[in-house]
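Data first, discussion second: the structure below is written as structure tokens.
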Amino acid sequence: MRTMERSRRVAIGVGGIVVLVAAVDAYVVVTVLVTMVGDLGVPVNHIERASLVVTSFLLGYVAGMPLLGLLSDRFGRRVMLQACLVGFAAGSAVTALAGSLPVLIAGRGLQGVAGGALLPITMALAGDLWEERRRPAVLGGVGAVQELGSVLGPLYGAGVAALVGWRGIFWINIPIALLAMAAVHWTVPGGRPAARARIDVAGGVLLAAGLGLLVAGLYNPDPHRSALPAWGVPCIAAGAVVIGCFAGWEMRARTRLLDLHGVRRGGLFAALGVSLLSGAALMTTLVDVQLIAQTLFGRNAAGGALLLARFLVPLAAAAVIGGLLARRFTERWVVAGGMLLAAAGYAHVAGWPVHAQHLRYDLGLFVLSRVDADLALAGLGLGLVIAPLSAVALRSVPALQHGIASAAIVVARMMGMLIGVAALSAWGFHRFQSLTAHLVTPLPIGMSRTEFARRLAAYVAAVKAALHTEYSDIFWATAALCVVAALLALAIGGRAAPSAGSAADLVEAGAAPGRAGPAPG
């Protein structure tokens, strides 16, 4: 008995490691994005051309998660974990070798598809190995590893890039993936699950196509004239129609990505909405704080990562605190309070002057950096909602659907990250281009060195002022999203009385942040 327990703990531990590898890579580029695209010839004042480096991974991650996760029900956990690790290594190689922006985007997309599937397969493995009573705690542990990726990813990326360059980040993935494949082979049980589930291919394709059309409509490689490209409105409309078709299909299909039979839909849908909006706020912060550090504060990638740590460390700490609060208070108020704290933090960030890094809050006994305090406030707010949202999802569905409900929370967050950063970036880039359209780059021809230096300094100051206005507007919009999320949290409702035998599950669900995974196979 002890040998069996040890074996399955080792197996799920290896699964957790591969989940962490993929989760880290989801966020690893945010601290080195400027350096990456600069090496490929994209100037910082046209950073909008590189937005697909971020969104391609997220789109692949969301698209790959449900379908490849369900394929493991048919072909087995070990086989699909190894296949996804092969795909992840291949995507890493393409990214590391990229000599142009389209190749870089393609490599990141392949990484996303393969990496997105590692999470649900590992969570399905937990369903295979543990009985229903103990399963939520295991789901929570692996889900917490997924959340850890958002903290470690930016810091890991900056650290490795400082030592071996940004391409080294992706070369290192290859031996890691090979070692993980060997570990999976020796620890994860072979064979196929006893119950082979049908795969909702149509639902997965519709979801991926709808999200892809939305991203395509929001991507504008030339934002001088408008926030959207010429094809923007038709693509966004088509994406909305396809997403609507996906919703209609899920209501009528016999095999569904998310089965809502027996689900208390009001609270679950509210939790999904808050998760989506919080995901948009999270990815906007990860991308734009790094850009602020490098374009306004004059820091390098490592300095930007250290600045971002002021947001990420409080977020991780608050994820634990939110789980504890969810045990004592109604999740509705923890989530609403967290989103209002985040909104206050983002409002303060939106109000930063250009020289904000030199400002301090004088609290009498303590003097705090304004930048550090504002980022910490936003991180605390977003972190508080992670565990309560997972708890709401778990108590909204029957025990047999805990995995798929947890997966829905993660997918909603990733969808928010994908659509939110695309939308805010499209508008922000257009705003920057409109603010700088009248500027003319000075050239040292026909003027003295003194005059050229004066004009160059004025030009740089004008560009910084335009960037400052762009970032300010983006964070005001982010604060507004958090207010909307706080209002939406009020629809979550109170905690229902637990049914017999489920109280332990609910307590564990409230304590563990970041649950995720598909329905057990």
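Numbering (this note's numbering), first residue to last: 3 to 523.
Here a beta-carbon is modelled for each residue, glycine too, at the ideal position from N, C-alpha and C.
Residues near Y158 by beta carbon distance below 7 Å, same chain, minus five either side: So the qualifying residues of the chain are V26, V30.
Cβ contact (3+ pairs, closer than 8 Å) linking the segment 162–174 and the segment 341–354: Cβ pair count under 8 Å is below three, so no.
Straight-line gap, F331 to A100 (C-alpha atoms, nearest Å): Distance between the alpha carbons of F331 and A100: 50 Å.
Start-to-end residues for the alpha helix (DSSP H) that takes in Y348: For Y348, the uninterrupted alpha helix (DSSP H) run begins and ends at 333–352, by DSSP.
Inter-residue Cα distance where the pair is A488 and H187: In a straight line, the C-alpha of A488 is about 45 Å away from that of H187.
Nearest-angstrom beta carbon gap, G118 and G155 [assumed within contact, 8 Å]: That belief does not hold up - the Cβ atoms of G155 and G118 are roughly 15 Å apart, past 8 Å.
Per-residue DSSP class, three states only, for S371: S371: strand per DSSP, three-state reduction.
Short Cβ contact (8 Å threshold) for L483 with L279: Judged by beta-carbon spacing, L279 lies within the 8 Å limit of L483, meaning their Cβ atoms are closer than that value.
A511, buried or exposed, once every other Cβ within 10 Å from all chains shown has been counted against 16: The pLDDT assigned to A511 is 38, lower than 50, so where the model puts this residue is not dependable; a value taken from the coordinates is nonetheless given after this. A511 should be labelled buried.
With 16 other Cβ atoms within 10 Å as the buried cut-off, status of A239: Taking a 10 Å sphere around the C-beta of A239, we find fewer than 16 other C-beta atoms and assign the residue as exposed.
Simplified DSSP state of D224, which is helix, strand or coil: Looking at D224 - three-state DSSP - the assignment turns out to be coil, as it is neither helix nor strand.
Own chain partners of W251 with C-beta closer than 7 Å, once the 5 adjacent residues on each side are dropped: Scanning its chain for C-beta atoms nearer than 7 Å, with the 5 sequence neighbours on each side dropped, one finds around W251 the residues A204, G205, L208, in chain order.
Rounded C-alpha distance that separates V190 from F248: Cα to Cα, V190 sits roughly 34 Å from F248.
Meets three-Cβ-pair contact criterion under 8 Å: the segment 463–473 and the segment 317–331: At 8 Å Cβ cutoff, the stretches do not touch.
A395 versus A126: straight-line alpha-carbon distance, rounded: Their backbone Cα atoms lie some 17 Å apart in a straight line.
Minimum C-alpha distance to H357 - residue among R372, Y348, D364: Closest by alpha carbon: R372.
R457 - DSSP class collapsed to helix/strand/coil: Three-state DSSP puts R457 in a helix.
Of the listed residues G129, L121, L165, nearest to L150 (C-alpha basis): Of G129, L121, L165, the residue nearest in Cα terms is L121.
Rounded Cβ spacing between G324 and P390 (contact assumed at less than 8 Å): A Cβ-Cβ separation of about 6 Å places G324 in contact with P390 under the 8 Å criterion.
Assigned exposure category for M253 - 16 Cβ within 10 Å defines buried: It counts as exposed.
Rounded distance between the beta-carbons of P316 and G385, thought under 8 Å: Separation of the CB atoms of G385 and P316 is rounded to 6 Å, and the pair is thereby assigned contact status at 8 Å.
P355 versus G89: straight-line alpha-carbon distance, rounded: Looking at the two C-alpha atoms, the distance is approximately 44 Å.
Three CB pairs or more closer than 8 Å across the segment 444–457 and the segment 297–308: No, they do not touch.
Terminal residues of the alpha helix (DSSP H) in which V362 lies: Before going further, note that residue 362 is Arg rather than Val in the sequence given. Segment 362–364 is the beta strand (DSSP E) holding R362; no alpha helix (DSSP H) there.
V399 versus G129: straight-line alpha-carbon distance, rounded: Cα to Cα, V399 sits roughly 16 Å from G129.
Rounded separation between I123 and M416 - CA only: I123 and M416 have their alpha carbons spaced roughly 17 Å apart.
Per-residue DSSP class, three states only, for H470: Note: H470 maps to helix in three-state DSSP.
Limits of the unbroken alpha helix (DSSP H) element including I123: Here the alpha helix (DSSP H) through I123 covers 103–131.
Pair within 8 Å by beta-carbon distance, V55 and M67: The answer is no: Cβ separation not under 8 Å.
Simplified DSSP assignment, three categories, for P191: Assignment of P191 by DSSP, reduced to helix, strand and coil, places it in the coil class.
Secondary structure of H432, DSSP reduced to three states: Residue state for H432 is assigned as helix, using DSSP reduced to three classes.
Whole runs of the alpha helix (DSSP H) within the segment 62–99, excluding any shorter than 4 residues: Runs of the alpha helix (DSSP H) inside the segment 62–99: 79–99.
D374 versus R79, V351, V217, residue with shortest Cα-Cα distance: The option with the nearest alpha carbon to D374 is V351.
Spatial neighbours of L377 in its chain, beta-carbon cut-off 6 Å, leaving aside the 5 residues before and after: Cβ within range, chain order: R312, F313.
Through-space distance from Y473 to V485, alpha-carbon basis: A direct Cα-Cα distance of roughly 19 Å separates V485 from Y473.
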